[in-house]
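Visitor: Residue numbers (the numbering used here), protein chains in the order written: chain V, 1 to 486; chain P, 487 to 952.
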Amino acid sequence: MLIFEHSRPGRRARAQAPAGEAALADIPESFRRKKRPRLPEVSEMQAVRHYTRLSQKNFSIDTQFYPLGSCTMKYNPRACNSLAMLPGLLGRHPLAPDTHSQGFMSAMYELQEILKEVTGMSAVSLAPMAGAQGEFAGIAMIRAYHDARGDTERKEILVPDAAHGTNPATAVMCGYQAREIPTKADGDVDMEALKAALGPQTAGIMLTNPSTLGVFERRIEEIARLVHEAGGLLYYDGANLNAILGRVRPGDMGFDVIHMNLHKTFSTPHGGGGPGAGPVGVSQRLQPFLPIPMVASDGSDYHWLQEEEMPQSIGRLSAFAGNAGVLLRAYVYAKMLGGEGMQRVADYSTLNANYMLKKLMEAGFTAAYPERRATHEFIITLKKEAKELGVNAMDFAKRLLDHGMHAPTTYFPLLVPECFLIEPTETEAKESLDAFIQAMIAIREEAARDPERVKGAPWSLPVRRLDDVKAARELDLRWQPGETST
Amino acid sequence: MPFIPHTDEETREMLDAIGVDSMDDLFEEIPANLRCGDLSALGPGLWEQEVSQLMQEKARADGQPLCFIGAGAYDHHIPAAVWQLATRGEYYTAYTPYQAEASQGTLQLLYEYQSMMTELMAMDVSNASLYDGASALAEAVLMAVRANRKSKSRRILVPRGLHPHYRATVHTLVKNQGIELVEAPYDEKTGQTDLDALKRHQGGDFAALVIPQPNFFGVLEPVDEMTAFAQANGMLAIALVNPLAMAVLQPPGEWGEKGVDIACGDGQPLGAPLSSGGPYFGFMCCTQKLVRQMPGRIIGRTVDLEGREGFALTLQAREQHIRRSKATSNICTNQGLMVTAATLHMSLLGAEGLARVAARCHENLGMLVEKLTSLGEIEPAFSAPVFHETVLRLPLEAKRVLRTLAAHNVLGGYDLSRHYPELGNALLVCTTENRSESDMNKYRQKLEQVLASRRQGACATMAKLD
Chain V
1 MLIFEHSRPG
11 RRARAQAPAG
21 EAALADIPES
31 FRRKKRPRLP
41 EVSEMQAVRH
51 YTRLSQKNFS
61 IDTQFYPLGS
71 CTMKYNPRAC
81 NSLAMLPGLL
91 GRHPLAPDTH
101 SQGFMSAMYE
111 LQEILKEVTG
121 MSAVSLAPMA
131 GAQGEFAGIA
141 MIRAYHDARG
151 DTERKEILVP
161 DAAHGTNPAT
171 AVMCGYQARE
181 IPTKADGDVD
191 MEALKAALGP
201 QTAGIMLTNP
211 STLGVFERRI
221 EEIARLVHEA
231 GGLLYYDGAN
241 LNAILGRVRP
251 GDMGFDVIHM
261 NLHKTFSTPH
271 GGGGPGAGPV
281 GVSQRLQPFL
291 PIPMVASDGS
301 DYHWLQEEEM
311 PQSIGRLSAF
321 AGNAGVLLRA
331 YVYAKMLGGE
341 GMQRVADYST
351 LNANYMLKKL
361 MEAGFTAAYP
371 ERRATHEFII
381 TLKKEAKELG
391 VNAMDFAKRL
401 LDHGMHAPTT
411 YFPLLVPECF
421 LIEPTETEAK
431 ESLDAFIQAM
441 IAIREEAARD
451 PERVKGAPWS
461 LPVRRLDDVK
471 AARELDLRWQ
481 PGETST
Chain P
487 MPFIPHTDEE
497 TREMLDAIGV
507 DSMDDLFEEI
517 PANLRCGDLS
527 ALGPGLWEQE
537 VSQLMQEKAR
547 ADGQPLCFIG
557 AGAYDHHIPA
567 AVWQLATRGE
577 YYTAYTPYQA
587 EASQGTLQLL
597 YEYQSMMTEL
607 MAMDVSNASL
617 YDGASALAEA
627 VLMAVRANRK
637 SKSRRILVPR
647 GLHPHYRATV
657 HTLVKNQGIE
667 LVEAPYDEKT
677 GQTDLDALKR
687 HQGGDFAALV
697 IPQPNFFGVL
707 EPVDEMTAFA
717 QANGMLAIAL
727 VNPLAMAVLQ
737 PPGEWGEKGV
747 DIACGDGQPL
757 GAPLSSGGPY
767 FGFMCCTQKL
777 VRQMPGRIIG
787 RTVDLEGREG
797 FALTLQAREQ
807 HIRRSKATSN
817 ICTNQGLMVT
827 AATLHMSLLG
837 AEGLARVAAR
847 CHENLGMLVE
857 KLTSLGEIEP
867 AFSAPVFHET
877 VLRLPLEAKR
887 VLRTLAAHNV
897 LGGYDLSRHY
907 PELGNALLVC
917 TTENRSESDM
927 NKYRQKLEQV
937 LASRRQGACA
947 TMAKLD
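1. Excluding the 5 residues flanking Y929/P on each side, which residues of the same chain have their C-beta closer than 6 Å to its C-beta?
2. Using a Cβ-Cβ cutoff of 7 Å, what residues of the stretch 448-476 of chain V are near chain P? List them in chain order.
3. For chain V, is any of its Cβ atoms less than 7 Å away from the one on F513/P?
4. Should T800/P be flagged as near chain V, meaning a C-beta pair shorter than 7 Å?
5. In this structure, how does DSSP classify H270/V when only helix, strand and coil are distinguished?
6. Helix, strand or coil, according to DSSP, for D135/V in the structure here?
7. Who are D747/P's beta bridge partners in DSSP?
8. Could one say the Cβ of W479/V lies closer than 7 Å to chain P's Cβ atoms, at least one of them?
9. Would you decide whether T504/V is buried or exposed? Buried here means 16 or more other CB atoms lie within 10 Å of its CB.
10. Using DSSP bridges, identify the partner residues of L913/P.
11. Please state whether DSSP places P288/V in a helix, a strand or coil.
12. Residues in its own chain within less than 6 Å of D952/P by CB, not counting five upstream and five downstream?
13. Mind checking which residues open and close the beta strand (DSSP E) that includes V280/V?
14. In chain V, what lies closer than 8 Å to T573/P by C-beta?
15. Which residues in the same chain have their Cβ closer than 6 Å to the Cβ of F59/V, if we skip the five residues on either side of it in sequence?
16. Could you name the residues of the same chain whose beta carbon sits closer than 6 Å to that of A84/V, not counting the 5 residues immediately before and after it, in chain order?
17. Helix, strand or coil for E669/P, going by three-state DSSP, please let me know.
18. Please report the distance separating the alpha-carbon of M1/V from that of T788/P.
19. For A107/V versus K661/P, is the C-beta distance shorter than 7 Å?
20. To which residues of the same chain is G199/V closer than 8 Å at the C-beta, ignoring the five residues directly before and after it?
21. Using beta-carbon positions only, say whether A870/P and G742/P come within less than 7 Å of one another.
22. At a Cβ threshold of 7 Å, is G341/V touching chain P?
23. I'd like to know if the stretch 719-739 of chain P and the stretch 791-811 of chain P are in contact, where contact means that at least 3 CB-CB pairs between them fall below 8 Å.
24. Quick check: what's the CA-CA separation for A47/V versus P40/V?
25. Among P311/V, M129/V, S211/V and P288/V, which has the Cα closest to the Cα of N816/P?
26. What alpha helix (DSSP H) runs, 4 residues minimum, are completely inside the stretch 586-611 of chain P?
27. With a Cβ-Cβ cutoff of 7 Å, do I516/P and V248/V count as a contact?
28. CB-CB under 8 Å to T655/P, same chain, minus the five flanking residues each way: which ones, in chain order?
29. For E309/V, collect the residues of the same chain with a Cβ closer than 7 Å to its Cβ; drop the 5 residues on either side in sequence, then sort them by chain order.
30. Taking the alpha-carbon of M500/P as reference, which of W459/V, K358/V and E362/V has the nearest alpha-carbon?
31. Using a Cβ-Cβ cut-off of 6 Å (strictly less than) and excluding sequence neighbours within five positions of N850/P, which residues of its own chain qualify?
32. Any idea which residues DSSP pairs Q177/V with across the strands?
33. I'd like to check one pair, G549/P with H100/V: are the Cβ atoms closer than 7 Å?
34. Go through its chain and collect everything with a Cβ distance to E919/P's Cβ below 8 Å, but skip five positions before and after it.
35. DSSP three-state call for D790/P: helix, strand or coil?
36. If you run the structure through DSSP and keep just helix, strand and coil, what is E752/P?
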């Protein structure tokens, strides 16, 4: 039932005081709205009950194991939320003068410093509002760097075929062509193909390390050398930073620019699809191009760096200073972990992933890269099960929901058939991992016995599988007044 | 260990199961010379209790000044239920609803959000959000360039009266694709976009015209004329609106003959706290015809295997995870939680409640302007009607006035001299429903003191000269 169906004319919640009759008298009729929008008319309790009930139809980290590969669905500490929502911070206007902003700015400055330290970069800007915007900022800086040197013939960004879809889409948004580099059977970049692709047209390469295949790119130093020799720069997609926090730093690997997904590695909430935050870090030579605003300190006071102080900046990415509330949550998280706590992130997320991989292999499932050490995530391929039992990766995913677990990422990366990309994160206890492995075994047994039961899953959720074709062909994107639902 | 549940025994057991001796062995594929393994510079972790004290100190340091700044971020009252529900774990800690069956809560809520936004904007379709208003406008510009079949132009007409930070953001996000923003001036008397100057672009080749309502000065634009002008000249009309204003002002779907092609803006006034500028959310609506050119997630209603109603991500062939380099945008994560709050906010207020808030904000502005102009030497800069925000001309530098007011914990508005030096000593002031009459009296009183001290200072100077 939609909220609109609880609506009755004249019914309403009351939180705001009314205005005077003539409040809008100085706005001529020609500018005014003639017909009210048909928004719901409900009581406060009806709204609360409706949206509480809706929430109960969601899987979430707070209610289920959520091993969604490449998304780092770790526990989001509640203190991060409540402290970012302290009245003084929540009520601060983005254009408040520096005299009334030192508390907020000190947190932002310290966060910049923390992120520099953990990534090994020379400078950090917190401006990008999500990972994809961080990618945009990174590639825009690479372009600004080449342009500033008069090196304008570089037209291509190299992207491994395993990369997240945002990588090639970002290259295009920055006016480049994306050129794919194949991956070898062992999961590493094909060096011969890379060498053949590099040339005077190469602006840079976008790499995720560990890659989306769940393995560490072992020849990263050689890649960095080759790309730099060709005059290109290296961009690090921080989607998998959780795997290496405190173990190896992108700056030390030779990357020139990186973005971090704070909603992954720094545990800010995913919120049903955002808001995220995607700060960027750079090496010395890209520093002048960082997006604004940034926070600077003269030792005692903090102030903003704007266009005037950073004339070569790629510019603004948002109306104000990015997703400040998300940045505050990440700051609180970083303070609670400290250096030692951050090192444990990589250790335990890697421990959990390798444990699951080992147990699944022992149970007869097929690893995509059996010879490789898993990072914080790993891939299994259900090709054999699909062939022998007629039950594919999507069927396994949907049946897992019936077992009370969110499914791993399915059918990504695209180059591994029938794949599951599994990322348990460090905050899951051993018993969650064991339960997942037991569920996988149970589903496989069920598939042998009663494949239709698996193919028809899920059975225990508010809906069964949805008709995506109908959704795309007979577009129904909004409630229409006067209708009642089925 | 913070947020890690493993006991020492379990850790040992798991390492044994994997067949390694230590944690270090798990990282053996990382070349030894690259490993760092020391973050001691970050210092030790803090207990929750300690970090609470730290954050409270920081929050206190910023005070809670009396705020008359708007300029794209507005201090509205948010019903208590909004954030109590939005921070329920089931909303707060879920992700993009890829597994539709396990995400019906978020998906239905987003569908309801799309329904509310299309109603508020009087447009055909809405997406499920973008990052913020400024980046949403950039996406609208890119969309217009893709979608305009009458023109291959990569030039966009943008009023000078549009928020300067929005203009800057759009420039950053579109310049690398060879898209050029051409400035349309405002009328110095009215503060509206100068229609005569606009008409001089007649016959020029542009992909779109951006139409803000209200514009950065709070001034109401002649939206019918501007929309008609754009569409008669082969441009798409892009509306950039304050969504709260649309509760009382003509919505973009009704501008001109047939409404605008794309409407977008910042959803902050619909339930997002000021929070230093974010997270807010960008919204975008468009005509049915353009839906396949729209960026961002879109939710559709469909049925399940048993014919029951259900909701799912749809038209995904537009998106980067399917289309890669040919996607409509690189956007992936959007601002789902803010949209959750906005949906709750709109449900709790309804059309009547939103109109009530809009009217109250605007009524307060009238009161404030009356109080401040009664001091003499201060007058409104523009003659056109405004909505809950306006430009005042001061007898001395806005920067100086604001500094003195801030010392008294009053944030008196936004100084326009940096972005609009041609306006002289101009100050953008705003009231929301949260500013009471006694707040305004305090502002007036402090401003009076500033003006009086200047007069005394001036007299003293003159006396010296004599």
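Each residue gets a CB set at the ideal place from its N, CA and C atoms; glycine is no exception.
Guide: Taking the geometry as given:
1. V896
2. P458, L461, P462, V463, R464, R465, L466, D467, D468, K470, A471, A472, L475 and D476
3. yes
4. yes
5. coil
6. Per the sequence presented here, residue 135/V reads as Glu, with Asp not at that position. Note: E135/V maps to helix in three-state DSSP.
7. Answer is none; D747/P lacks a bridge partner.
8. yes
9. There is no way to answer for residue 504/V, as the model of chain V reaches only from 1 to 486.
10. L878/P and D901/P
11. helix
12. Since pLDDT at D952/P reaches only 46, below the 50 mark, its modelled position is unreliable, and no value is offered.
13. V280 to V282
14. N81
15. H406
16. G325, L328 and R329
17. strand
18. 14 Å
19. no
20. A230
21. no
22. yes
23. no
24. 9 Å
25. M129/V
26. 590-607
27. yes
28. A620, S621, L623 and A624
29. none
30. K358/V
31. T917 and R921
32. E156/V
33. yes
34. H562, H563, V843, R846, C847 and N850
35. strand
36. The residue you asked about is not Glu; residue 752/P is Asp in the sequence shown. Strand.
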